[in-house]
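So the protein sequences, as listed, match chains S and V. Take the first sequence: its position 201, counting from 1, is numbered 201 in the working numbering, and each next residue is one higher. Take the second sequence: its position 170, counting from 1, is numbered 170 in the working numbering, and each next residue is one higher.
Number of protein chains: 2
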Amino acid sequence: MNIPSFNIAAVERDTGLSKDVLRMWERRYGFPQPDRDSNGERCYPADQVERLRLIKRLMDAGHRPGKLIATPVEELAGFVSRRAKARPGNESSDGSELSELLALIKQHDSNGFQQAMQQRLARQGLQRFVQDTIAPLTFRVGEAWEDGSVEVFEEHLFTELTKRLLRQAIAGLPSGQRSPRILLTSVPDEPHVLGLLMVEALFALEGAECIPLGTQMPLLEIGRAASAHRANVVALSFSVAFPQRQIPGLLQQLRMVLAPEIELWAGGGGVQRLAPIEGVLLLTSFESAVSALTDWRLAQVPA
Amino acid sequence: MNIPSFNIAAVERDTGLSKDVLRMWERRYGFPQPDRDSNGERCYPADQVERLRLIKRLMDAGHRPGKLIATPVEELAGFVSRRAKARPGNESSDGSELSELLALIKQHDSNGFQQAMQQRLARQGLQRFVQDTIAPLTFRVGEAWEDGSVEVFEEHLFTELTKRLLRQAIAGLPSGQRSPRILLTSVPDEPHVLGLLMVEALFALEGAECIPLGTQMPLLEIGRAASAHRANVVALSFSVAFPQRQIPGLLQQLRMVLAPEIELWAGGGGVQRLAPIEGVLLLTSFESAVSALTDWRLAQVPA
DNA sequence: TGCATTAATTGTCTAGGACAAACTTAAAAG
DNA sequence: CTTTTAAGTTTGTCCTAGACAATTAATGCA
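Below you can see the structure in the form of structure tokens.
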């Protein structure tokens, strides 16, 4: 069973490192060092791809590539997330319950996980379920992914099951002619949808009319959709994983594309530490999201 | 309101054309012809981005870039999908009902669409709903997207609402220890999830235990997930939009990664016209998917 | 210790060349 | 006249190697 070797495009797909970066690292650091096929093209052996994935994970956790690449493989495993390190054993009563949920994921017990989540939803109600269960649990899963204690496929399963749960809960809420009309989506390089669903649940609970467009909408298309749906607000979500430096530019571009009377809100882990942007409302917490909605309504009354 | 200009990365995001291709076209065909900033870097004006998006759409519909780029913008609008052309007015009684659903999408009437779909689901039952409503409707939407009569954001909304409906329906089915255990996912460049949900509905109806991992799983990760979940079958979905030539290679790679006793099934619009692949079962229709399940069960009995 | 300036790090962009795979067209054979 | 084979186009992806700006770290100075 000869393990196949990956060409540069396959490595880009599987690691998330761009071709440019892969070639640059090879030139600068001497790693990766792929074989070449008869055509002079790079062929990455599986173990190098594996190491690249590990490096990428640690980079997302805040480490710097130069150090990581210089470090031998064995030691790499010893690097752990800064975030995880910074939070040693603050196991509140609720924290341990979250750990139980996390454990179900790691045991690949989808049914058990779904049942436990359903129970919590019934007990807490949708709003608190989102704020006190889904959000922190998502955070914990992200942490665990960074420090390697949760596999990618486990994270995928968690996301998939949670998406279902949330969508089901949202479907159970009343709908119809409500206001404001909020268009929910994300930009092309942002595939994470959980944040959008969480905020949709909150907005829907507060009586807003949500128009969920899914993720990855081109900017010009968002503008068109907002007009076509006569949206009052466009709400975008950026996950922590989204490259922060790109966000201000994107929001400014979108602000120019949108009609001025349409509000632009941006939330999610990616906008936590962002400088204010003209014409854009940054939602740094669930509370601020809800109060943004309240403020919008107040602002409508005098007009 | 100065319309912003896009750098090459933004254009890649918004059009789906790689940087390499954008630069190549500029060199070969003289289009696009972006301005340059003080740094010598490309700045694409919005109208060129728009034209590129149109060209990309027509390419996906089967046209060739050389012709398209040579054609003036006004005439481009006249190009229509080959598929759409080939099927002139076969409006069966069911076809017109589908058209009504499509019309609701184009009117951006989410609530009306959801209600109409719910009704059809109740009337047809899940299996026929998937086969006779969702599948053909998805096809029609794809067609309409190709010939430009449906906007991207309309297609997104359709997808989002349909996903919700299907997931809700699936959630209503019994679950628990059933067999076979089927792991459902797609490869990293395949983000389309509707096909997976449709087949999940059918498999779940037939009593299989489905493990939905969402889309875009790296190959090595699929292998790990299959072992961890003790899956009997790994089922992949490829949409019509997926580059066909890449599929055989991907499947062969994955076949090598998977333990031999785990079956590998591939379905979706992308595998319709594919040559058989050793160790991979190609599901070219919903019927073949169901019979694959039956066959698997038969094969288990003697052992 | 806190802040400003310099230095190192790192990603993205640019240019043009090469080549193989996919598709078309032309020619030959049945 | 149709089918198959061969030659020719088209097109995407990969290659090298250089430049620069933006971020992060480190130094000097108040």
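From the three backbone atoms N, C-alpha and C, an ideal C-beta is built for every residue, glycine too.
With 7 Å set as the bound, which would you pick, yes or no: does the beta-carbon of residue i sit closer than that to a beta-carbon of chain S?
{"i": "HIS63(V)", "result": "no"}
{"i": "PHE153(V)", "result": "yes"}
{"i": "LEU14(V)", "result": "Note on identity: in this sequence residue 14(V) is Asp, with Leu being the wrong assignment. Yes, ASP14(V) lies at the interface with chain S (some Cβ there is under 7 Å from its Cβ)."}
{"i": "LEU189(V)", "result": "Inspection of the sequence shows that residue 189(V) is occupied by Asp rather than by Leu. Answer yes: the Cβ-Cβ gap between ASP189(V) and chain S drops below 7 Å somewhere."}
{"i": "LEU213(V)", "result": "yes"}
{"i": "LEU157(V)", "result": "yes"}
{"i": "GLU160(V)", "result": "yes"}
{"i": "HIS192(V)", "result": "no"}
Which of helix, strand or coil does DSSP assign to residue i?
{"i": "GLY223(V)", "result": "helix"}
{"i": "ALA9(S)", "result": "helix"}
{"i": "PRO65(S)", "result": "helix"}
{"i": "GLY267(S)", "result": "strand"}
{"i": "ALA171(V)", "result": "helix"}
{"i": "VAL234(S)", "result": "strand"}
{"i": "ARG245(S)", "result": "coil"}
{"i": "ASP37(S)", "result": "coil"}
{"i": "LEU258(V)", "result": "coil"}
{"i": "ARG28(S)", "result": "helix"}
{"i": "LEU126(S)", "result": "helix"}
{"i": "LEU101(V)", "result": "helix"}
{"i": "ARG273(S)", "result": "coil"}
{"i": "ARG178(V)", "result": "coil"}
{"i": "ASP14(S)", "result": "helix"}
{"i": "ASP20(S)", "result": "helix"}
Residue i: which of the options sits nearest, CA to CA?
{"i": "LYS163(S)", "options": "ASN39(S), GLU287(S) and GLY195(S)", "result": "GLY195(S)"}
{"i": "MET24(V)", "options": "ILE69(V), ALA61(V) and ASP47(V)", "result": "ILE69(V)"}
{"i": "GLY207(V)", "options": "LEU264(V), PRO174(V) and PRO218(V)", "result": "PRO174(V)"}
{"i": "ALA171(S)", "options": "GLN118(V), ILE277(V), VAL193(V) and PRO45(V)", "result": "GLN118(V)"}
{"i": "ASP35(S)", "options": "PRO188(S), ILE8(S), LEU76(S) and VAL280(S)", "result": "ILE8(S)"}
{"i": "ILE247(S)", "options": "ILE262(S), VAL234(S), SER227(S) and ARG273(S)", "result": "ARG273(S)"}
{"i": "LEU52(V)", "options": "ARG224(V), VAL240(V), GLU154(V) and GLN33(V)", "result": "GLN33(V)"}
{"i": "THR15(V)", "options": "ILE55(V), TYR29(V), PRO45(V) and ASP37(V)", "result": "ILE55(V)"}
{"i": "VAL141(V)", "options": "PHE158(V), LEU126(V), GLN127(V) and ARG57(V)", "result": "PHE158(V)"}
{"i": "THR133(S)", "options": "SER99(S), ASP147(S), VAL150(S) and LEU213(S)", "result": "SER99(S)"}
{"i": "LEU264(S)", "options": "GLU209(S), SER239(S), ALA226(S) and ARG245(S)", "result": "ALA226(S)"}
{"i": "ALA241(S)", "options": "GLY279(S), LEU205(S) and PRO191(S)", "result": "PRO191(S)"}
{"i": "MET256(V)", "options": "PRO180(V), GLY30(V), ILE222(V) and GLN115(V)", "result": "ILE222(V)"}
{"i": "GLU151(V)", "options": "LEU298(V), ARG57(V), LEU281(V) and PHE6(V)", "result": "ARG57(V)"}
{"i": "LEU165(S)", "options": "THR185(S), HIS108(S), GLY30(S) and GLY125(S)", "result": "GLY125(S)"}
{"i": "GLU74(S)", "options": "ASP47(S), ASP60(S), ASP189(S) and ARG224(S)", "result": "ASP47(S)"}
{"i": "CYS43(V)", "options": "GLY62(V), ALA201(V), MET59(V) and LEU22(V)", "result": "LEU22(V)"}
{"i": "SER179(V)", "options": "ASP189(V), GLU155(V), ALA204(V) and THR284(V)", "result": "ALA204(V)"}
{"i": "PRO212(S)", "options": "LEU220(S), THR294(S) and HIS229(S)", "result": "HIS229(S)"}
{"i": "LEU250(S)", "options": "GLY66(S), ASN232(S), ASP189(S) and GLU287(S)", "result": "ASP189(S)"}
{"i": "GLY320(V)", "options": "SER237(V), GLU287(V) and ILE262(V)", "result": "Residue 320(V) lies beyond the residue range present for chain V, which begins at 1 and ends at 303; the question has no answer from this structure."}
Nearest chain V C-beta to residue i closer than 7 Å, yes or no?
{"i": "ARG164(S)", "result": "yes"}
{"i": "ARG167(S)", "result": "yes"}
{"i": "MET1(S)", "result": "Low confidence applies here, because MET1(S) scores a pLDDT of 41, under 50, leaving its location unreliable and the question unanswered by this model."}
Since residue i is in the beta strand (DSSP E), which residue starts that stretch and which ends it?
{"i": "GLU209(S)", "result": "209-212"}
{"i": "ILE182(V)", "result": "181-185"}
{"i": "LEU281(V)", "result": "281-283"}
With respect to the alpha helix (DSSP H) encompassing residue i, which residues constitute its N-terminal and C-terminal limits?
{"i": "PHE139(S)", "result": "135-146"}
{"i": "ASP132(V)", "result": "Taken as a continuous stretch (DSSP letters only), ASP132(V) belongs to no alpha helix (DSSP H), as it is neither H nor E."}
{"i": "THR307(S)", "result": "Here chain S comprises residues numbered 1 to 303, so residue 307(S) is not present and cannot be evaluated."}
{"i": "GLU74(S)", "result": "73-76"}
{"i": "PHE79(V)", "result": "Per DSSP, PHE79(V) belongs to no alpha helix (DSSP H) and is neither H nor E."}
{"i": "VAL199(S)", "result": "194-205"}
{"i": "VAL49(S)", "result": "46-60"}
Check: In chain order, what residues of the region 216-227 of chain V put their CB closer than 8 Å to some CB of chain S?
Finding: Taking 8 Å as the cut-off between beta carbons, the residues of the region 216-227 of chain V near chain S are GLN216, MET217, PRO218, LEU219, LEU220, GLU221, ILE222, ARG224 and ALA225, in sequence order.
Next item on the list: Could you list the residues in the region 169-185 of chain V with a C-beta less than 7 Å from some C-beta on chain S, going in chain order?
Entry: For the region 169-185 of chain V, which is checked against every Cβ of chain S, the residues closer than 7 Å are ALA171, SER175 and GLY176.
Notebook entry, point to check: At a Cβ cut of 7 Å, what residues of the region 106-123 of chain V count as close to chain S, listed as they run along the chain?
Noted result: Hits within the stretch, in order: HIS108, SER110 and ASN111.
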